[in-house]
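Have a look at the structure below before the remarks.
Chains as they are written, first to last, in my numbering: chain A, 391 to 759; chain B, 3 to 123.
Quick look at the structure:
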């Protein structure tokens, strides 16, 4: 079998988050991810970390994601030139999920935008940070676009996350899903990427390790990118670069919820022609959840075929669901084959493996609304 | 009995013309929790380097390559039922196959324990 290892030479060039020393101390297995050296798991393993998030609380270092401040006159109005989301209607202290769309209606990246009062607080994917900063800088000449490089981002996710975080920050007790407050120099936002209730905490780098230790002492279990991936797959949340990219539209990816009626009617964002047409008439293909009848996981790149053997799509994310104790996959199929219970086949190592379309998410969300 | 190792992290012990093969402790540790094992059945023949099985962890899928040429005498089918056991004792009870060697000369191309230890350090 072939095993992946971090080459020492390459490791020297990788960026380290403010929690790097803590990861090493906790015995994390570190991997290269989007130019960063990140924990993929800790000694107890992905299953334990995953279960901690579903049943208690897990702590993730997501400092590799790029935090950006957009400020100037009416930053939300400016930002709507690049995104199809409803940003001008976003109240101070509220956050929304949206995308940077291409002129052809594809996706440059997906992001969370928070109204910070006199500015927007934006969080984008680590792998796309450089591109996004260029897009924002070029597309928002009337704004100043500043990456907040001196801040860490820590996520606490799971049914006991609220209790743990409000123990340290009582101000968060009343916060609901997609709401955000600032306490001193710390921004606490009730959102995440696991399907669970929880917080992402943006904090000045020098304070990050102390906060992480307090959260661990309060019961949050350190979890790595491995568990983060199985958790987000179960929650049916697309991963940029896997499930969505410049070739997929928000409607195909099932992200139409993030484009309000006002924006569809105005059709004033990049790629509006295609995106609005698909929102009205339906897209030709859709991102769906799939479960095989057998135990073999169908991972990214696996072909999806009809029972008659016609290849109709491919898996974009797939693996093992610890919660369901079985394999799950996300993939694109023609819209007429996208209904739950539609029978399809994965082509696994040359052989057809029966599978069926299932509703998303695989595991229900438990956001505190 | 001597144990040989491959660069692909398989081990092989030989008793007469019957060999037992599996994945190394190091491989199992690197893979993490195994969730799926697919093995071929007794009677299948293969050449050195052929894919003879699949082991998948939560993280990734890995093919198993035949360390030598031969024929499968027995597969450890219990692993298909309980894949997690592969993490428990990969160099012992969680062997993958017993095979009949057809070209014993191939063994000399494999590594001994010291060479394998040097590879993974």
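Virtual Cβ for every residue (Gly too), placed ideally from N, Cα, C.
List the residues of chain D that residue i touches, going by C-beta distances under 9 Å, in chain order.
i	result
residue 34 (chain B)	The structure shown contains no chain D; the protein chains it does contain are A and B.
Excluding five sequence neighbours on each side, which residues of the same chain lie with their C-beta closer than 8 Å to the C-beta of residue i?
i	result
residue 19 (chain B)	102, 103 and 106
residue 796 (chain A)	Because chain A here runs from 391 to 759, residue 796 (chain A) falls outside it and cannot be looked at.
residue 527 (chain A)	535
residue 609 (chain A)	446, 447, 550 and 554
residue 596 (chain A)	408
residue 516 (chain A)	423, 424, 425, 426, 454, 455 and 456
residue 438 (chain A)	611
residue 338 (chain A)	For chain A, the structure presents residues 391 to 759; residue 338 (chain A) sits outside this window and is missing.
I need the straight-line Cα distance from residue i to residue j, nearest angstrom please.
i	j	result
residue 110 (chain B)	residue 3 (chain B)	14 Å
residue 671 (chain A)	residue 730 (chain A)	20 Å
residue 565 (chain A)	residue 459 (chain A)	22 Å
residue 121 (chain B)	residue 9 (chain B)	8 Å
residue 108 (chain B)	residue 77 (chain B)	21 Å
residue 747 (chain A)	residue 720 (chain A)	10 Å
residue 16 (chain B)	residue 99 (chain B)	12 Å
residue 97 (chain B)	residue 35 (chain B)	16 Å
residue 598 (chain A)	residue 539 (chain A)	13 Å
residue 692 (chain A)	residue 461 (chain A)	43 Å
residue 649 (chain A)	residue 115 (chain B)	60 Å
residue 22 (chain B)	residue 689 (chain A)	30 Å
residue 505 (chain A)	residue 411 (chain A)	33 Å
residue 488 (chain A)	residue 119 (chain B)	50 Å
residue 452 (chain A)	residue 75 (chain B)	49 Å
residue 478 (chain A)	residue 503 (chain A)	11 Å
residue 419 (chain A)	residue 758 (chain A)	32 Å
residue 752 (chain A)	residue 641 (chain A)	19 Å
residue 84 (chain B)	residue 685 (chain A)	11 Å
residue 645 (chain A)	residue 474 (chain A)	11 Å
residue 575 (chain A)	residue 509 (chain A)	15 Å
Could you name the residues of chain B that residue i contacts, counting a contact when the two beta carbons are closer than 8 Å?
i	result
residue 623 (chain A)	In chain order: nothing, as chain B lies at least about 11 Å away.
residue 686 (chain A)	38, 40, 56 and 58
residue 620 (chain A)	60
If you drop the 5 nearest sequence neighbours on each side, which residues of the same chain put their C-beta closer than 6 Å to that of residue i?
i	result
residue 113 (chain B)	7
residue 591 (chain A)	544 and 578
residue 48 (chain B)	54 and 68
residue 722 (chain A)	675, 677 and 703
residue 732 (chain A)	747
residue 552 (chain A)	587
residue 628 (chain A)	634 and 643
residue 73 (chain B)	47 and 102
residue 413 (chain A)	429
residue 519 (chain A)	456
Let me confirm a value: residue i is counted as buried when at least 16 other C-beta atoms fall within 10 Å, else exposed. Which label applies?
i	result
residue 647 (chain A)	exposed
residue 715 (chain A)	exposed
residue 467 (chain A)	exposed
residue 56 (chain B)	buried
residue 482 (chain A)	exposed
residue 604 (chain A)	exposed
residue 626 (chain A)	buried
residue 61 (chain B)	buried
residue 749 (chain A)	exposed
residue 11 (chain B)	buried
residue 563 (chain A)	exposed
Leaving out five residues before and five after residue i in sequence, what residues of the same chain have Cβ atoms less than 7 Å from its Cβ?
i	result
residue 463 (chain A)	532
residue 93 (chain B)	13, 24, 26 and 27
residue 573 (chain A)	559 and 561
residue 416 (chain A)	432 and 612
residue 443 (chain A)	547, 548, 584, 586, 613, 617 and 621
residue 88 (chain B)	30, 36, 39, 57, 81 and 96
residue 660 (chain A)	472, 491, 492 and 493
I'd like to confirm the pairing. Which residues does DSSP put opposite residue i in its beta bridges?
i	result
residue 724 (chain A)	A:675
residue 534 (chain A)	A:461
residue 508 (chain A)	Note: residue 508 (chain A) sits in no beta bridge, so no partner.
residue 456 (chain A)	A:514
residue 449 (chain A)	A:546 and A:612
residue 572 (chain A)	A:577
residue 710 (chain A)	A:717
residue 15 (chain B)	B:5 and B:22
residue 500 (chain A)	A:489
What does residue i reach in chain B if we use C-beta pairs closer than 7 Å?
i	result
residue 393 (chain A)	11, 29 and 32
residue 709 (chain A)	60
Please list the partners that residue i has in chain A, where partner means a Cβ-to-Cβ separation under 7 Å.
i	result
residue 65 (chain B)	391
Name, please, each residue of chain A whose Cβ falls closer than 9 Å to the Cβ of residue i.
i	result
residue 101 (chain B)	Neighbours of residue 101 (chain B) on chain A: none; closest Cβ ~17 Å, over 9 Å.
residue 25 (chain B)	391
Residues of chain B with CB closer than 9 Å to the CB of residue i, please, in chain order.
i	result
residue 689 (chain A)	58, 62 and 63
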